[in-house]
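What follows is one structure encoded as structure tokens, with my remarks underneath.
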Amino acid sequence: MRVLVCGGAGYIGSNMMAQLLAEGHEPVVFDNLSKGHRSAVGSAEFVEGDLADYELLIKTLRKYRIEAVMHFAAFIEVGESVAAPLKYYHNNVSCTQTLLSAMEAENVEKFVFSSSAAVYGMPQKVPITENSPKQPINPYGQTKLAVERMCHYQSQTGKLSYASLRYFNACGAGNNATLGEDHRPESHLIPRVIQAAMGKRSEVKIYGTDYQTPDGTCIRDYIHIDDLCRAHLLALEKLDKSRELVYNLGNGKGYSVKEVIETVREVSGKDFKVVAVDRRLGDAPVLTSDATKAINELGWKTEFGELKKIVATAWQWHNEHPDGYPD
Ligand code: UFG
Numbered sequence: 002m003r004v005l006v007c008g009g010a011g012y013i014g015s016n017m018m019a020q021l022l023a024e025g026h027e028p029v030v031f032d033n034l035s036k037g038h039r040s041a042v043g044s045a046e047f048v049e050g051d052l053a054d055y056e057l058l059i060k061t062l063r064k065y066r067i068e069a070v071m072h073f074a075a076f077i078e079v080g081e082s083v084a085a086p087l088k089y090y091h092n093n094v095s096c097t098q099t100l101l102s103a104m105e106a107e108n109v110e111k112f113v114f115s116s117s118a119a120v121y122g123m124p125q126k127v128p129i130t131e132n133s134p135k136q137p138i139n140p141y142g143q144t145k146l147a148v149e150r151m152c153h154y155q156s157q158t159g160k161l162s163y164a165s166l167r168y169f170n171a172c173g174a175g176n177n178a179t180l181g182e183d184h185r186p187e188s189h190l191i192p193r194v195i196q197a198a199m200g201k202r203s204e205v206k207i208y209g210t211d212y213q214t215p216d217g218t219c220i221r222d223y224i225h226i227d228d229l230c231r232a233h234l235l236a237l238e239k240l241d242k243s244r245e246l247v248y249n250l251g252n253g254k255g256y257s258v259k260e261v262i263e264t265v266r267e268v269s270g271k272d273f274k275v276v277a278v279d280r281r282l283g284d285a286p287v288l289t290s291d292a293t294k295a296i297n298e299l300g301w302k303t304e305f306g307e308l309k310k311i312v313a314t315a316w317q318w319h320n321e322h323p324d325g326y327p328d
């Protein structure tokens, strides 16, 4: 299938592009390189462009006779979304509306959307099922929910078939550990701990050690990028027969911040300084997924259930790319 991968130079998008290529699809990457890395795209077709550019979207959909769109081009920093909500509504919501309008104009019906566990906010119960209340607690989560609703209403017109995939904590390096995580600035736990193990960061800060969890630190559901991307391929196939799909994507297993730190120590064989600091605003104590629906309906199986295996791929990538991507 000819697939437009919006945000295909970013962490998840570049891994998706590699899997599409490996499966015999024809991905075309569309990215403005505001966050992504040109070198992560490799030799795939690449269009440098912004999702606000309706004319370029129309031209691209036509030129490559695109049959499906995958959308990874969102801003993802919760803290920044609180400080600059309009920036998030513009990029994550308005630009997605422009993309959907271009798709409608060109009769492209299939859409796979990167949603987030952030749509659930502070869950009353874990593991979280797709039916759990959607109560985002920050602008980032609200923008993801707004797009889900926009897709829902557009699908009701019969002009869109979409899959909304709610990621838990995407991590690790994919495509045989050749495509890794290089956010600038980096806010995510695993790469930050690895940077400390590599001596590139003086210490690791634990944001809160007084949560109601066994070791007092937050628990998250870490899902390897290869597993995450495979679910997208399965969802894309299922869109042949479905108008509306919504799935949680996670391992269903939680690891605390302290467990992540210990795992990095174990995998790397390095020690580093760890300090406990205040809680980070808006962190839920425990976020774990119930991904039974994706497992049953998509036939999805994860290969990286163990945190150690996930961290090993990230450790390998960071060591092979000590300064991240060159551009
Ligand atoms: N943490 C630390 N120290 C750090 C970095 C993170 O203690 O240096 C903690 C956080 O407080 C949190 C856990 O490690 O408890 C994981 O933090 P991440 O920033 O790696 O991931 P989040 O769970 O906060 O974020 C993920 C996605 C976001 C999404 C969010 C909401 O990466 O894009 O889930 O579901 F918005």
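Take any residue in the sequence shown, note its place counting from 1, add 1, and you have its number in this note's numbering.
Beta carbons: idealized from backbone N, C-alpha and C, even for Gly.
Being a predicted model, the structure only gives us computed values, none of them experimental.
What did DSSP end up calling residue i once you bin it into helix, strand or coil?
| i | result |
| --- | --- |
| G25 | coil |
| Y154 | helix |
| I207 | strand |
| G80 | helix |
| A74 | coil |
| V30 | strand |
| Y256 | strand |
| E267 | helix |
| E321 | helix |
| I13 | helix |
| A277 | strand |
| S133 | coil |
| S117 | strand |
| W316 | helix |
| M104 | helix |
| L304 | Inspection of the sequence shows that residue 304 is occupied by Glu rather than by Leu. Looking at E304 - three-state DSSP - the assignment turns out to be coil, as it is neither helix nor strand. |
| H91 | helix |
| G37 | coil |
| R63 | helix |
| P1 | Residue coverage of the chain in this structure runs from 2 to 328, which leaves residue 1 outside it and unanswerable. |
| Q20 | helix |
| L282 | coil |
| Q98 | helix |
| L299 | helix |
| K294 | helix |
Taking the DSSP output, what are the residues bridged to residue i?
| i | result |
| --- | --- |
| N389 | In the structure as shown, the chain starts at 2 and stops at 328, and residue 389 therefore has no counterpart that could be examined. |
| K111 | A69 and S162 |
| L180 | G175 |
| R3 | E27 |
| F47 | V30 |
| V194 | Partner(s): none; V194 has no beta bridge. |
| V287 | I220 |
Answer yes or no: does any C-beta atom of chain C fall closer than 8 Å to that of residue i?
| i | result |
| --- | --- |
| I220 | Although the question refers to chain C, the structure presented lacks it and comprises just one protein chain. |
Do residue j and residue i come within 8 Å of each other at the CB atom, strictly closer than that value?
| i | j | result |
| --- | --- | --- |
| I195 | V261 | no |
| M104 | F112 | yes |
| L101 | Q155 | yes |
| Y326 | A41 | yes |
| A119 | Y90 | no |
| A174 | W301 | no |
| A232 | L166 | yes |
| A295 | Y248 | yes |
| V3 | V29 | First, the residue type needs correcting, since residue 3 is Arg and not Val in the sequence shown. Closer than 8 Å, so yes. |
| I220 | P286 | yes |
| L62 | E107 | yes |
| I226 | I77 | no |
| T210 | G200 | no |
| V148 | T214 | no |
| A74 | H38 | no |
| V276 | E321 | no |
| I138 | G25 | no |
| V127 | T303 | no |
| M71 | M151 | no |
| A19 | N176 | yes |
| T99 | Y163 | no |
| S117 | Y65 | no |
| E46 | V109 | no |
| V265 | A171 | no |
| K309 | E267 | yes |
Please indicate yes or no: does the CB of residue i lie closer than 7 Å to some heavy atom of the ligand HEM?
| i | result |
| --- | --- |
| D216 | With respect to the ligand HEM, the structure offers nothing, as its ligand set consists of the ligand UFG. |
Runs of beta strand (DSSP E) lying entirely within the region 212-243, each at least 3 residues, in chain order: Counting whole runs of 3 or more residues, the region 212-243 contains the beta strand (DSSP E) stretches 223-225.
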